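Worksheet: one structure, shown below.
2 protein chains.
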Amino acid sequence: MRPLAHRVSRIHVSPIRRVARLFDEARERSDIISFAGGAPSVSLPQGLLDEFARLLSTDPLRSCGYTGTRGIPQLREAIAADMEKYGKVHYDSNTEVILSTGGTEAISSILMSILNPGDEVIVTDPTYLGYREMIELAEGRPEMIPVKVEEGYQPSVENLKGLVSNKTKVAIIISPDNPTGRIVSEAFAKALVDLAEDYDFWIISDEVYKHIIYEGEHVWMSRLPGAREHTITVGSFSKEASIPGLRLGYTLAPEEVINGMEKIQQYSTLAPDSLAQFALVKFLDGNLKEPYLREIVIPFYLKKRNVMGRMLQAHLPEAKTITPPGAFYYFVDMRYYLARLGLDEEEFASQLLEEKGVAVIPGRFFGDNGVGHVRLTFVSEPEERIEDGIRKIGEFTSSAKH
Amino acid sequence: MRPLAHRVSRIHVSPIRRVARLFDEARERSDIISFAGGAPSVSLPQGLLDEFARLLSTDPLRSCGYTGTRGIPQLREAIAADMEKYGKVHYDSNTEVILSTGGTEAISSILMSILNPGDEVIVTDPTYLGYREMIELAEGRPEMIPVKVEEGYQPSVENLKGLVSNKTKVAIIISPDNPTGRIVSEAFAKALVDLAEDYDFWIISDEVYKHIIYEGEHVWMSRLPGAREHTITVGSFSKEASIPGLRLGYTLAPEEVINGMEKIQQYSTLAPDSLAQFALVKFLDGNLKEPYLREIVIPFYLKKRNVMGRMLQAHLPEAKTITPPGAFYYFVDMRYYLARLGLDEEEFASQLLEEKGVAVIPGRFFGDNGVGHVRLTFVSEPEERIEDGIRKIGEFTSSAKH
Chain A
300 MRPLAHRVSR IHVSPIRRVA RLFDEARERS DIISFAGGAP SVSLPQGLLD
350 EFARLLSTDP LRSCGYTGTR GIPQLREAIA ADMEKYGKVH YDSNTEVILS
400 TGGTEAISSI LMSILNPGDE VIVTDPTYLG YREMIELAEG RPEMIPVKVE
450 EGYQPSVENL KGLVSNKTKV AIIISPDNPT GRIVSEAFAK ALVDLAEDYD
500 FWIISDEVYK HIIYEGEHVW MSRLPGAREH TITVGSFSKE ASIPGLRLGY
550 TLAPEEVING MEKIQQYSTL APDSLAQFAL VKFLDGNLKE PYLREIVIPF
600 YLKKRNVMGR MLQAHLPEAK TITPPGAFYY FVDMRYYLAR LGLDEEEFAS
650 QLLEEKGVAV IPGRFFGDNG VGHVRLTFVS EPEERIEDGI RKIGEFTSSA
700 KH
Chain X
300 MRPLAHRVSR IHVSPIRRVA RLFDEARERS DIISFAGGAP SVSLPQGLLD
350 EFARLLSTDP LRSCGYTGTR GIPQLREAIA ADMEKYGKVH YDSNTEVILS
400 TGGTEAISSI LMSILNPGDE VIVTDPTYLG YREMIELAEG RPEMIPVKVE
450 EGYQPSVENL KGLVSNKTKV AIIISPDNPT GRIVSEAFAK ALVDLAEDYD
500 FWIISDEVYK HIIYEGEHVW MSRLPGAREH TITVGSFSKE ASIPGLRLGY
550 TLAPEEVING MEKIQQYSTL APDSLAQFAL VKFLDGNLKE PYLREIVIPF
600 YLKKRNVMGR MLQAHLPEAK TITPPGAFYY FVDMRYYLAR LGLDEEEFAS
650 QLLEEKGVAV IPGRFFGDNG VGHVRLTFVS EPEERIEDGI RKIGEFTSSA
700 KH
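Here's what the structure looks like:
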């Protein structure tokens, strides 16, 4: 048969595929300790489960029926009210809010709505591992701001200024960050907004971890002076309500962007999951979210984060990292150990999995500046297994020969 | 702000938007009789609802957790077994099956995987109203085969031959058809396969209505001699299990296409709804599907189809249509009445809604050959309201002045 589309051969499948294989192996074999995934492990909110049951027993046809592409009005209203409550920024639920099939479709359809061939997109390096391919699929060109552990994984305003030009169409900032866990500094965020005003570009503020914060405060990008008309804020229920499989994300943005996204989404997915939409209204409106996050989610993840941090200090004292103030991950500079072992971090990850049964993600999957690093998820395993896993990494790095 | 992407201004939002507004109005006002939608109205399979409840109460974290982009292996196996059982064609569930966020994402990601700029795509006119925009978003060029009521809405082999060339990259056939309800003739399907072999192009066989058949037999495109390696078969649970809101579709195709789709879907939605995936295994494997379709779905829709057909003959004797052997719709040539009224079918639809409270879809939304036609869904309303609605259309067309 004739070859497929060029866009398919241009984008790289390898990183996520390799990650997926690690996930799969780790999921199926309980003897593997997985620091590889990114999925919540905390109990779901009981009130949300009750709402699913109620919807399915009282009106299954409506609960499982088509919704509009933007999503049901009640959920868009609840999302706008939630943004007003926490972020103190007003959005019109009719014209400035759209649901999507996860944060993934949100980012993808924003980029498809905004980018023309050759438009430049500023992202950090390392960054979330889907962005570059999404930019490529929308025919944009990624431009990278390096971030380093020595600077607390904060992008620098100076580097940003060096990249911005009239070709810049959008900058993507995820905060709290995947893979590093850092919360972006308010100084950087403000400088970004100023440049967005001067050069007239968009800011995609990926805030899917906005409520997964252990210290410090979330930076609400759209609230900064001058930011609102340049900012496209992406959220998701995957982390906040622990339902990543139900694929429900959302975007708050100026009307023209929402209109563009609606067009794209009509022809790519038609609409997001109806059942999840109806149920999540209850999560936001029914006073489920705040106690769930405060009493269940944050304490549960914080303890795990602290256990992993203590173990890293004890067993990998020469590794460099930050204590992540948010999100699910330690991003660890392993170059001291890798040099001694004579391995790159990809070889390290694969031998570690084979010899010690511990799964980690090689840092290069997140960008060139991730070389020599690994990403360790702390939310997935029980505390004893976190201890055991880091101890095994320590044994592996101090063993004689590989 | 600077303008959005050109791709967004190139695609048309109007048809679906206008349709959506008709849907919305009709849904919210019980006094409006809606022949506009396309959503099932039959009770959901009880065994499937029970399975949702079981999954949510026994293992909510897994049921609502990420799956791989291709979907869970158990459901891919069940889909391959289902194809083998009904279609008598073998597919490898590991390499030749992928789930997607509805049939919509399936078609969209197939086109994104296959089309390069300028590649030609053969579709019928009228046809399903998302195809042309999806082709446009993937930078292809639609080429239309006209279909007419006088020929039973069958595309002609002669017209097909006139369109096929070395630029043809793919042909899309939906059977049973939306909007006309016709089942494609085996003669046409065979000629299409022969041409696909000669000119080396793909066939997308959109079979989302394959089990919604009242007379005749489904044409399993991939089963025809020589077809398998050229055919990409799309299915969906929206109609078969009456759960369109849960957005679960699937594709069976040669490995290279599935690999391409997986790449696209990783970066556009990541994965389809997990809960629906787990539950649908039970629908296929648990002997729920066949009795549900035979005892509940088909008798329920067939009666409605016959009521609408009888009423059309009685109240719109000069309208031309076919008795649809499958799917959900009558596609009705109203040109006799429209000429007398001095209206085009879009004005007709909007005045009919306003004056008589009956919602129909203007035929031009489905293509130039749909001008002068309307699409009437017969599955959504109870029989008395179908009778009442067609009677009102009759009154409207025979009234003196508009």
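Protein sequence lines, in the order shown, are assigned to chains A and X.
Start counting the first sequence at 300; every next residue gets the next number (the working numbering).
Start counting the second sequence at 300; every next residue gets the next number (the working numbering).
Even glycine gets a Cβ: it sits at the ideal position worked out from N, Cα and C.
In this text, all values refer to a predicted model and were calculated from it rather than measured experimentally.
Contact of His305 of chain A with chain X by beta-carbon distance below 7 Å involves Asn415. Our two residues, Asn458 of chain A and Thr530 of chain A, have alpha carbons roughly 21 Å apart in a direct line. With a threshold of 8 Å between beta carbons, Asp493 of chain X makes no contact with chain A.
Taking 9 Å as the Cβ-Cβ cut-off, the stretch 593 to 616 of chain A has no residue approaching chain X.
If you check the CB distance, Ser541 of chain X and Val341 of chain X come in under 8 Å. Within chain X, Leu343, Leu348 have C-beta atoms less than 7 Å from the C-beta of Pro359 of chain A, given in sequence order. Two segments are said to touch when three or more pairs of C-beta atoms, one from each, lie closer than 8 Å; by this definition the stretch 670 to 677 of chain X does not touch the stretch 580 to 597 of chain X. Around Ser412 of chain X, the beta-carbon contacts reaching into chain A at under 7 Å are Leu303, Ala304, Val307.
Residues of chain X with a Cβ closer than 7 Å to the Cβ of Pro543 of chain A are, in chain order, Gly364, Tyr365. Listed in chain order, the alpha helix (DSSP H) runs fully inside the stretch 382 to 443 of chain A are 401 to 413, 430 to 436, counting runs of at least 4 residues.
Residue-level contact by beta carbon holds for Ala570 of chain X and chain A, with a gap shorter than 8 Å. Distance from the CA of Pro372 of chain A to the CA of Asn393 of chain A, rounded to the nearest whole angstrom, comes to 7 Å. Among the residues of the stretch 394 to 408 of chain A, those with a Cβ less than 7 Å away from any Cβ of chain X are Thr400, Gly401, Thr403, Glu404, Ser407, in the order of the chain. Ranked by Cα distance from Phe577 of chain X, the first of X:Phe334, X:Ile310, X:Ala377 is X:Ala377.
Contact between Pro571 of chain A and Leu547 of chain A holds: their C-beta atoms lie close to 6 Å from each other, under 8 Å. Residue A:Asp584 holds the alpha-carbon nearest to the alpha-carbon of Ala380 of chain A among A:Asp584, A:Val422, A:Asp643. Take Leu579 of chain A, set aside five residues on each side of it, and the residues of its chain with a beta-carbon closer than 7 Å to its own are Leu374, Phe536, Ala540, Leu547, in chain order. Taking one beta carbon from each stretch, the stretch 409 to 426 of chain A and the stretch 466 to 486 of chain A have 3 or more pairs nearer than 8 Å; the two touch. Taking the beta carbon of Phe351 of chain X as reference, the chain A residues within 7 Å of it are Leu355, listed in sequence order. The stretch 595 to 614 of chain A makes no contact with the stretch 445 to 461 of chain A, as fewer than three CB pairs between them are under 8 Å. At a Cβ-Cβ threshold of 8 Å, Phe334 of chain A and Val533 of chain A do not count as neighbours. Selection X:Arg634, X:Gly688, X:Asp643, X:Arg639 evaluated against Lys655 of chain X yields X:Gly688 as nearest (Cα-Cα).
Taking a beta-carbon distance threshold of 8 Å, Lys562 of chain A counts as an interface residue toward chain X. Of all alpha-carbon atoms in X:Thr479, X:Arg522, X:Arg369, the one lying nearest the alpha-carbon of Ala405 of chain X is that of X:Arg369.
Tyr566 of chain X reaches chain A at Ile310, Thr403, Ser407, Gly429, Glu432, Met433, Leu436, counting residues in chain order whose Cβ is nearer than 8 Å. Here His529 of chain A carries a helix assignment [DSSP, helix/strand/coil].
Ranked by how close their Cα comes to the Cα of Ile310 of chain X, the residues A:Met560, A:Leu551, A:Val396 have A:Met560 in first place.
If you compare the alpha carbons of X:Pro339, X:Asn465, X:Pro624 with that of Val678 of chain X, the shortest gap goes to X:Pro339. When 9 Å is used as the limit between beta carbons, Glu682 of chain X is near no residue of chain A, the shortest such separation being about 17 Å. When the beta-carbon positions are compared, Tyr365 of chain A and Pro543 of chain X come within less than 8 Å of each other.
Taking C-beta atoms as the reference points, Val483 of chain X and Val518 of chain X count as a pair closer than 8 Å. Using a CB distance cut-off of 8 Å, Gly559 of chain A counts as an interface residue toward chain X. Neighbours of Ser573 of chain A in chain X, taken as residues whose beta carbon is under 9 Å from its own, are Ile542, Pro543, Gly544, Leu545, Arg546 in chain order. Of A:Lys447, A:Glu554, A:Ala495, A:Ser362, the smallest CA-CA separation from Glu395 of chain A is found for A:Glu554.
In this structure, Pro475 of chain A lies away from Tyr430 of chain A, with their beta-carbon atoms at least 8 Å apart. Ser340 of chain A: not part of any beta strand (DSSP E); DSSP gives it neither H nor E.
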